Amino acid sequence: YLCALTAVVADVVSKKEQMFTTMDQRRLLSKDVLVVAPWFMAPEDIAPPPITSSSSIPYIQWDDHHPIPHTFRYGAESKPDVKYNMTISSFAAMDVLLEHLCDRKHHFPNLKRVVVVGHSAGGQFVQRWALSSNSWCFGGDDQFANNRWVETDLPHVRVVVANPRSFAYLDNRRYFALSDQAAEADDDEVSPAENDGTLTPFDKYQLRPPSAAEEDGCKEFNSYEWGLDENSEVPAPYFINNVQKLSNHGNVSSELFCRYASRDVVYLSGQRDVETLGSQICGQGKEDGYQGSSRRERSERFFAALQLRKSEVESCGRSGGNSTRVHDRHVVKNVGHDHGL
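Positions in the sequence shown are counted from 1; adding 2 to them yields my numbering.
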């Protein structure tokens, strides 16, 4: 019996780290659990030999440098296959894997649960994939009631987002300090790494669109992969097309939020993952489009933004209008940005 499956989308790690991670998983998991680790290969990777000597199935590869590093993490199209001149989004590849598993009639009739876990770049991957995927494996309108799983003939799908560098926000609001004084570090002697509460003093911050000056200082802040606006510099037709399909149902932002809120998503942050990050867009001090200074702070701000958005939506229907919280989030004590989280 295969009762549960975990698909792990890891950060970019060495073969030695992969070996120890696999050994640890084998020790911890029972015989009823299968772990699948998708390998989003880059051209620099050495492809393993074909499964059979007669196999003509090509290995799929994603550019690892252009237009930004690790393009698989935002759903980029693969490099064109030489023979067939075809591409596939890394998100579509995950859909194919998931749907193969969800087909209980032909494959795993006893499969009850699928957990898709991503750490770091993998965390970015699974957050944007869970936000944009139209896969039928996530279920239909009645899949959830008040964010509690309702038994169906599909396996339960959970997505675990661990320590991503950035998030794809669902609207153009970010957290800004109410004043310059609020933005300054307080006099608390507890270092961020030892702090087991929140790093952002939310009573001194407001979720709002950037001012004209702030937007002028970071015009890309809401472009994909940091927001929902189409980004010609980071082409992602899978994401854009799937989001636009929701326009048939009304306001895209509200529909997308309600669908995303209906899905079982858990966010993990290492307590010590508090290194101040540089900005991949907009220059120094813009915190990747005003998302926060560290991975942990970015996680808590994104999660808080979801809760505020929920309070503004009277009823999502499929996600349950009376649910008190969107998704779940946990800070893992004494853990930094570690591939073993």
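Note that CB positions come from ideal geometry on N, CA and C, so glycine has one too.
Note that this is a predicted model, so its numbers are computed, not measured.
Asked, Found
"Would you call the region 227–235 in contact with the region 114–122, where contact means no fewer than 3 C-beta pairs closer than 8 Å?", "no"
"When DSSP labels each residue in this structure, what does Leu100 get in the three-state scheme?", "helix"
"Since Gln129 is in the alpha helix (DSSP H), which residue starts that stretch and which ends it?", "Ala123 to Ser134"
"Of the residues Asp290, Leu99 and Gln273, which one's Cα is nearest the Cα of Leu279?", "Asp290"
"Could you please give me the residues that DSSP links to Leu172 through a beta bridge?", "Per DSSP, none; premise fails for Leu172."
"Applying the criterion that 16 or more other CB atoms from any shown protein chain within 10 Å of the CB defines a buried residue, is Asn336 buried or exposed?", "exposed"
"Please tell me whether Phe223 and Pro239 are closer than 9 Å, where the distance is taken between their beta carbons.", "no"
"Which residues bound the beta strand (DSSP E) around Tyr207?", "Tyr207 to Arg210"
"How big is the Cα-Cα spacing for Asn243 and Asn112?", "34 Å"
"Find out if the Cβ-Cβ distance for the pair Gln273, Val333 is shorter than 9 Å.", "yes"
"With a threshold of 8 Å, are at least 3 pairs of Cβ atoms found where one atom belongs to the region 201–215 and the other to the region 162–172?", "no"
"Which residues bound the beta strand (DSSP E) around Leu270?", "Asp266 to Gly272"
"Nearest to Leu308 by CA position, among Phe169, Pro194, Glu217 and Asn197, is which residue?", "Phe169"
"Where do the ends of the alpha helix (DSSP H) carrying Leu310 lie?", "Arg297 to Glu314"
"Grouping DSSP H, G and I as helix and E and B as strand, with all else coil, what is Ser91?", "strand"
"Does Gln63 come out as helix, strand or coil in the three-state DSSP assignment?", "strand"
"On the three-pair Cβ rule with 8 Å, is the region 254–266 touching the region 125–138?", "yes"
"Compute the Euclidean distance between the alpha carbons of Arg298 and His339, then round it to the nearest angstrom.", "10 Å"
"Return the first residue and the last residue of the alpha helix (DSSP H) that Leu258 is part of.", "Val254 to Ala263"
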